[in-house]
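The structure appears right after this line, and notes come after that.
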Amino acid sequence: MKIAVCIKRTPDSESRFKIAPSSISIDETGLKFDIDDFASYAVEVALQLNEKQGPGETVVVAVGPDAVQETLRKAMSMGVDRAVHLKTDSVPYDGVAVAKALAAELAPGGFDLVLFGKHAFDTSSGVVGTATAELLGIPCVTAASALEISAGRGTARRELEGAAEKVEFPLPAAVTIDEGIARPRYPSLKNIMAAKKKPLEVKPAQLGPARVTVKSMELPPDRPAGRIIGEGVAAVPELVRLLQTEAKVL
Amino acid sequence: MPNVLVFAETRANALRKVALEATTAARVLADALGGGEVHAIVAGTPGVGSVAAQLGQYGADVVVAVEHPSFAQFDREAVSATIAARAKAESYRAIVLGFSAQGRDVGPRVAAKLDAPIAADVTEIRAAGDAILVKHPAYANKVIVTLEVKGSPCVLSVRPSAVSPAAASRSARTETMAPASDPGASRVVVKEIVEGGKGRIDLGEAPVIVSGGRGLKAAENFKLVEELAAAFGNAAVGATRAVTDDGWRPHSDQIGQTGRQVSPQLYVAVGISGAIQHLAGMRTSKTIVAINKDKEAPIFKVADYGIVGDVLEVVPALTTAVRAAKASHG
């Protein structure tokens, strides 16, 4: 199958963040960046599908500044065949703008499957996959925790609110990937070296005008300090009293 | 005076809590923009239009009922096409909806169809001259981003529980509208619904959540969490990533950065250490209670009230006490 995976370069999710002096971005000093978690599962799914189904092609695409090339090389070191860097100074917050750039790149490609992470850690909006599929005119299955392809059709398990559903759909299709589906492989040194020679094409990202812009960023207010009210079963009556009279939630 | 469209989400033809929240957000925005109308669009099987009166209580001036027998099951393609068609036929400054599972499917589709800007998962909306400003918690709730959204219409999806539904009585007039695309023709076909749907309160709607982690020691001890939730009466049961990864609880119960993000009135963390990934999912809860045998556990730093002790002893005692408290209040 010909599979495209759209990935995003995001900071490590365990990081503590500071706001940059400009106040419209985070301070990137000391932060580690990598393929966004859900997108890395999508890369692994693409590789596994082609390993199961016989020869095909995987392509990884990312929008962003030059730094995303390191992220694209990481995906190629996992085994993806080639990469496309859609270049722009900063990734817009408007997911439709990003979707337009991706759709323009993917539309002529004849892909059987276009995979995305369910959402990216930084914006957690989950817009880009669904919007890109809409612009490409292909069905979109979101939050897939299991995915199988057979004879031009896909089946997926989708994780919903308090339930799950099994769906079927025709190809070509877009799927956004949830966790639990696959563990991303660690690239071997041999694959890391091989990735340096794989094709990485750079093109300008066709984003259109920026309609959603960051005015400011700030850290959330700290919760007021709480207290340990006691030990063991003996503390229960006081807890109930506080929940009733102070917190007023009981 | 510009009008605002709201997609008021239903399940089995009843309005979900997030629909009331979105309607309130739409009403507040319309008022801030000069007092135009709020049009609420609802989709369901024949009869769903009867929610009009309830939507009027929260500020809807017009309720557009899209009724079709196939809408017994949520049809993301037909609903999105219909909302976009309505937005093309009328003029709206903004299209508001909830950032729920339905909203996450509909919002981006509508935005793409209309070539409209979208700001998803917002906790606040305000008008500032020509522009709309929204607040969006980013980086797993660690950074609050203020965004300016330019362009009309724009699509805004509101984080569940971020807006409190507020009474704003209007006499809503109803219109009907046929689905803009064939509901039977959805390309993604649902073959089976697995688990859930048994009248369990959804984590995104529950005022109280009782959540369990590894400190419970074994999967069967989760029944203590379930009993405490039952004692509260209006509580949902959540879990940490550790115990869902181990298969003690279904994946859909996971609260955390990569699972559900919740903001209930009361969050009771049982045997949960408080890893950053978990805190990211629940730190905006109004009141947090933690029960853990380790007094150094990070959860105690965010908890309003903590009990240091063996959860297997403390939780049953708390369950008894909560039942008694509830009984004496009737």
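Protein sequence lines correspond, in order, to chains U and V. Residue numbering for the first sequence follows this note's numbering, beginning at 3 and increasing consecutively. Residue numbering for the second sequence follows this note's numbering, beginning at 8 and increasing consecutively. Where a beta carbon is used, it is the ideal one built from N, C-alpha and C, also for glycine.
Within chain V, T265 have C-beta atoms less than 8 Å from the C-beta of D39(U), given in sequence order.
Between V277(V) and V329(V), the C-beta spacing is not below 8 Å. Boundaries of the alpha helix (DSSP H) around K120(V): A108 to L121. Proximity of D91(U) to chain V, defined by a Cβ-Cβ separation below 8 Å, is not satisfied. Using a C-beta cut-off of 8 Å, the region 213-229 of chain V makes no contact with the region 101-110 of chain V, since fewer than three inter-stretch Cβ pairs fall below that distance. Between the alpha carbons of A243(V) and P271(V) lies a gap of roughly 10 Å.
Each of A26(V), A32(V), A145(V) and A213(V) was checked against the Cα of V11(V), and the nearest Cα belongs to A32(V). Take D260(V), set aside five residues on each side of it, and the residues of its chain with a beta-carbon closer than 6 Å to its own are G245 and A246, in chain order.
Excluding five sequence positions before and after K10(U), the CB atoms of its chain that fall closer than 6 Å to its own CB belong to D38, A41 and A122, given in chain order.
At least one CB of chain V lies nearer than 8 Å to the CB of S127(U). By the beta-carbon neighbour count (other beta carbons within 10 angstroms, threshold 16), E161(U) is buried. By the neighbour-count criterion, in which 16 or more other beta carbons inside 10 Å mark a residue as buried, M3(U) falls on the buried side. P201(U) counts as exposed, since fewer than 16 other beta carbons sit within 10 angstroms of its beta carbon. Of all C-beta pairs linking the region 119-135 of chain U to the region 64-71 of chain V, fewer than three are shorter than 8 Å, placing the two stretches out of contact. Scanning A39(V), K120(V) and T89(V) for the CA closest to the CA of G136(V) turns up A39(V). Within its own chain, the residues whose Cβ lies closer than 7 Å to the Cβ of A158(U), once the five positions on either side in sequence are excluded, are V143, A146, A148, L149, V169 and V177, listed in chain order. Within chain U, the C-beta atoms nearer than 7 Å to that of V315(V) come from I230 and E233, in chain order. Annotation for A127(V): F106, G114 and S164 place their beta carbon closer than 7 Å to its own, counting only its chain and skipping 5 residues before and after. Under the three-state reduction of DSSP output, L221(U) falls in the coil class, being neither helix nor strand. Look at G219(V) here: in three-state DSSP terms it is strand.
Distance from the CA atom of E203(U) to the CA atom of A85(U), rounded to whole angstroms, is 6 Å. According to the DSSP secondary-structure assignment, L210(V) is paired through a beta bridge with no residue.
Contact between E46(U) and A236(U) is absent: CB atoms are separated by about 50 Å, not below the 8 Å threshold. In the displayed model, P53(V) falls within coil according to three-state DSSP, outside both helix and strand.
Identification of chain U residues near G211(V) by a Cβ-Cβ cut-off of 7 Å yields E163, ordered along the chain. Look at K205(U) here: in three-state DSSP terms it is strand. By the Cβ rule, the region 172-192 of chain V counts as touching the region 44-64 of chain V, because three or more pairs are nearer than 8 Å. Against chain U, the beta carbon of G158(V) has neighbours under 7 Å at R213, listed in chain order. Taking 7 Å as the Cβ-Cβ cut-off, the region 48-70 of chain V has no residue approaching chain U. Taking 8 Å as the cut-off, the beta carbon of L252(U) is found no closer than this to the beta carbon of V238(U). If you ignore the 5 residues before and after P13(U), its C-beta comes within less than 6 Å of the C-beta of L33 and F35, all in its own chain and listed in chain order. For the set V70(U), Y95(U), S79(U) and V98(U), the Cα lying nearest the Cα of L88(U) is the one of V70(U). Of all residues in the region 303-314 of chain V, only F307, K308, V309, A310, D311, Y312, G313 and I314 place a beta-carbon less than 9 Å from a beta-carbon of chain U. The beta carbon of R225(U) sits closer than 8 Å to some beta carbon of chain V.
Judged by their CB atoms, G263(V) and Q284(V) are nearer to each other than the 8 Å cut-off. Residue contact with chain U for L40(V): absent (no Cβ-Cβ distance below 8 Å to any residue of chain U).
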